[in-house]
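Okay, structure first, notes after.
Number of protein chains: 2
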Amino acid sequence: MDLRRGLVIFVGYTAREERGGRRGKSEIQIVKMKKVGILGGGQLGRMLLQEAANYPVEVTVMENDPSCPAAHLCDHFIKGDITKFEDVIAFGNNLDIITIEIENVNVEALVELENQGKIIIPRPGALNIIKNKIHQKEFYLQHEIPSADFAIVNSKNEILDHHHLIPAAQKLATGGYDGKGVQLIHTKEDVAKGFDAPSVLEKMIDIQKEIAIIVAVAQDKSTTLYPPVEMVFDPILNLLDYQICPADIKENVLWKAEAMAISVARNLNSPGIFAVEMFVDKNDNVWVNETAPRVHNSGHHTIEAHYSSQFDMLWRILLEYPLGNTKKIQSSIMVNLLGADGYKGETEYEGLKEVLSIPNVFIHLYGKATTKPGRKMGHATIISDEKQELLLQAKKIKRTLSIKGKEKI
Amino acid sequence: MDLRRGLVIFVGYTAREERGGRRGKSEIQIVKMKKVGILGGGQLGRMLLQEAANYPVEVTVMENDPSCPAAHLCDHFIKGDITKFEDVIAFGNNLDIITIEIENVNVEALVELENQGKIIIPRPGALNIIKNKIHQKEFYLQHEIPSADFAIVNSKNEILDHHHLIPAAQKLATGGYDGKGVQLIHTKEDVAKGFDAPSVLEKMIDIQKEIAIIVAVAQDKSTTLYPPVEMVFDPILNLLDYQICPADIKENVLWKAEAMAISVARNLNSPGIFAVEMFVDKNDNVWVNETAPRVHNSGHHTIEAHYSSQFDMLWRILLEYPLGNTKKIQSSIMVNLLGADGYKGETEYEGLKEVLSIPNVFIHLYGKATTKPGRKMGHATIISDEKQELLLQAKKIKRTLSIKGKEKI
């Protein structure tokens, strides 16, 4: 598979500027206000809306919870069920362009809206592939994109039919999110903990590093990549602990990872933002883990550390502007701020002032009125070109800032 | 006047970190949601609200126009007249903290709310000084802060009583904004164009440069300065054309300017953001022109070019967090995007896509549905450590991007 050749002509500013040069003054277009809808109102929607205010766009959000993080920042909020066909159709009727900030939406309705001529980003076809982990694995296989060996199982009893895959991860085909819906099967004894539902049984990779690359694909198919990030996970909550950009990987690993990320995005055949999570094994092989067809936790650092953030980039894609500049301004670490163990209820921030006195830290709190253990309550980005400084401040933040609920549990 | 000595112990991180070090873990405070109100809903409110979404704060905006730039980004919007006593009192009743994004508010109501125990930033006393150009000039005089020689006049006929000040600028005591309310009196013949209203007649300075420094003052009086910006004005519209940060000034001019900016902020005796505009004359003397007690056009570049933007900084002040880091990440130019001459009505953006293809440009459009000649419709910030690159791209933006209305006038 030699995708690297394609990369040069396909990606980044060179291609775009050449095109711009040919276009000339006479073709200058007039831009007017467009109506965009976002399905889902969580923190990703919130950060999208912070950026939306830089562009001529009128944004409607649909979400069941009127106190969700994005509710007050949009032009119009509609209380509705994003998984319900009728709600999504009604939502889409008055809009020009529709996007998502969570995969768990009614795709049939998006297909119908696309048939009516609405622009849906990502395209429903891409969403259907990604929403179901079985389809997603088959997609990688079909397009010769390396991903871990797997089998499809419908119950835990079937796991032993594929004992050669153990140690393995059993992943529910649908409904998994933020580490939920994944069961690790280290030995045959763990089979009893397995799921009795359609799922992927995936051989565990001997992981050296976990990285992610965000790919941006415009409506005219021009494409660009962000530098890879390296992720470190919390071993207990299975949630991202902190993430460094750029990843510390060898050049040949970078090339493989970039080629694979582009192959994923191209073959999904859709404009949008695609976060491609990958494993690097002990032999420097790269394997795709999974892909998100939207702005993603692995791109939060781009708000301060890169010229065009993933949120800015999605607006550029939705509104048919040129793709943004993915180059980093400085290196960065992003730390997820999770609800502390042992507390739930009304949110309180402990140590916030101490963290805000660190001169190169940016805090983003998602405005969630209540917390629970492990809930994503915010994130912090640290920028610096000194890696030791990044690590030092990341540890200081984790030690100092604690997001607790009023009730002990 | 030796204010420079004070600056060292008074400003910046050194003092703050020492304090932090003494405080220790045991005094860590718990932060909860606060209710803040902003009087005015223009672009400054809009940019404040984009930043507010990073902090635990519930924001209410009052403004007469429900389609103003800030209306849809706040938690609660109240249609009301910010110049009316009753409206401001009613607005303030349910809030903890009140700030402004325009000076033209009812200060009597703010005094009353302050007496009720509300936190008003800037304090009404500082607003009263700044709102009236006669009071402002007397304030500079009283505190020995150099500003141009002046006289107070109540009609154009009185101008000739002070002919030694000509060439002069006659500035209305109240109601001036964005270059309105100022009449240049180059010769005695220009007196006929003067205002018949209470005003300041100010001797013109032989200007070498026009600069501005933003000062941030916390509720605990800790203070920090942004680097100075250098402003270049449009000679016809008398509106800021573009502005470079940092200003290209000699070290002794910088010291004078910093000392004067701090003296203004200290003597106003109020927390808040203060934009101090100054002239540097041909002999390297520095003169205060005027001060704005709020986030200001001269600080827009701080959104991308500095660690803590002026908008982030105001939230830190309002919410009693430590002051932010005013250091630049890169040098910058900010270009105001004004409504094009000859057009009014429904806003259209010409050349926007071309400008968005410049890799180090950040566009902020204020979402104003209609335009008119000279109206502030947005701004663009360019970041780069190469001054020639900044100037090149600034000129490209001014040549390429045009904000027009549908109607020719």
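One line per chain: the protein sequences are A and B, in this order.
Residue numbers for the first sequence, in this note's numbering: 7 to 415.
Residue numbers for the second sequence, in this note's numbering: 7 to 415.
By construction, the Cβ of each residue, glycine as well, lies at the ideal position given by its N, Cα and C atoms.
Between Val67 of chain A and chain B, the shortest Cβ-Cβ separation is not below 8 Å.
The C-beta of Glu120 of chain A comes no closer than 8 Å to any C-beta of chain B.
Under a criterion of Cβ atoms nearer than 8 Å, the residues of chain B adjacent to Asn331 of chain A are, in order, Pro365, Asn366.
Closest by C-alpha distance to His169 of chain B, out of B:Leu178, B:His192, B:Lys177, B:Ser408, is B:His192. For the C-beta of Gln225 of chain A, not a single chain B residue is nearer than 8 Å; the gap to the nearest is close to 12 Å. Between Pro379 of chain A and chain B, the shortest Cβ-Cβ separation is not below 8 Å. Assignment of Gln35 of chain B by DSSP, reduced to helix, strand and coil, places it in the coil class. C-alpha of Tyr327 of chain A to C-alpha of Lys359 of chain B: approximately 5 Å in a straight line.
When beta bridges are read from the DSSP output, Met68 of chain A appears opposite A:Leu45, A:Ile84. Here the C-alpha atom of Ala179 of chain A lies approximately 20 Å from the C-alpha atom of His149 of chain A.
One alpha carbon belongs to Pro72 of chain A, the other to Glu92 of chain B, and they sit about 31 Å apart. Chain-order list of chain B residues neighbouring Asn100 of chain A: empty, with the shortest C-beta distance near 16 Å, by a criterion of under 8 Å. Under the Cβ criterion of 8 Å, Asn112 of chain B is not counted among the residues facing chain A.
Inter-residue distance for Ala281 of chain B and Asn112 of chain B is about 21 Å (C-alpha atoms, whole angstroms). Considering only beta carbons, the part of the region 78-100 of chain A lying closer than 9 Å to chain B consists of His78, Leu79, Cys80, Asp81, His82, in chain order. Annotation for Ile339 of chain B: Tyr248, Ile250, Ile388, Leu396, Ala400 place their beta carbon closer than 6 Å to its own, counting only its chain and skipping 5 residues before and after.
Excluding the 5 residues flanking it on each side, Val286 of chain B has same chain C-beta neighbours closer than 7 Å at Gln214, Lys215, Ile217, Ile255, Val259, Val292, in chain order.
The Cβ atoms of Thr230 of chain A and Thr332 of chain A lie closer than 8 Å to each other. Taken atom to atom, the span from the alpha-carbon of Pro152 of chain B to that of Leu133 of chain B is near 20 Å. Counting along the chain, no beta strand (DSSP E) covers Gly330 of chain A, and no H or E run does either. By the beta-carbon neighbour count (other beta carbons within 10 angstroms, threshold 16), Gln49 of chain A is buried. Within chain B, the residues Ile369, His370, Leu371 have their CB atoms less than 7 Å from the CB of Asn60 of chain A, given in chain order. Fewer than three pairs of CB atoms, one per stretch, sit closer than 8 Å, so the region 71-86 of chain A makes no contact with the region 345-361 of chain A. Residues Val42, Ile44, Leu55, Ala58, Cys80, Asp81 of the same chain have their beta carbon placed closer than 7 Å to that of Val65 of chain B, with the five preceding and five following residues left out of the count.
Considered as a whole, the region 325-385 of chain B harbours 358-362 as its complete alpha helix (DSSP H) runs of no fewer than 4 residues, in chain order. Taking a beta-carbon distance threshold of 8 Å, Val117 of chain A does not count as an interface residue toward chain B. Thr193 of chain A carries a coil assignment under DSSP once its states are collapsed to helix, strand and coil. With a threshold of 8 Å between beta carbons, Gln56 of chain A makes contact with chain B. Per DSSP, reduced to three states, the secondary structure at Ala198 of chain B is helical. Taking C-beta separations shorter than 6 Å and ignoring five residues to either side along the sequence, the partners of Leu371 of chain A in its chain run Gly384, following chain order. For Glu413 of chain B, there is no enclosing alpha helix (DSSP H); the residue is found in the beta strand (DSSP E) stretching over 408-414. Val259 of chain A carries a helical assignment under DSSP once its states are collapsed to helix, strand and coil. Contact of Tyr327 of chain A with chain B is assigned, a C-beta pair being separated by under 8 Å. With a cutoff of 8 Å on beta-carbon distance, Phe156 of chain B and Glu208 of chain B are scored as near each other. Under the three-state reduction of DSSP, Met210 of chain B is assigned to coil, being neither helix nor strand.
By the neighbour-count criterion, in which a residue is buried when 16 or more other Cβ atoms sit within 10 angstroms of its Cβ, Pro62 of chain B is buried.
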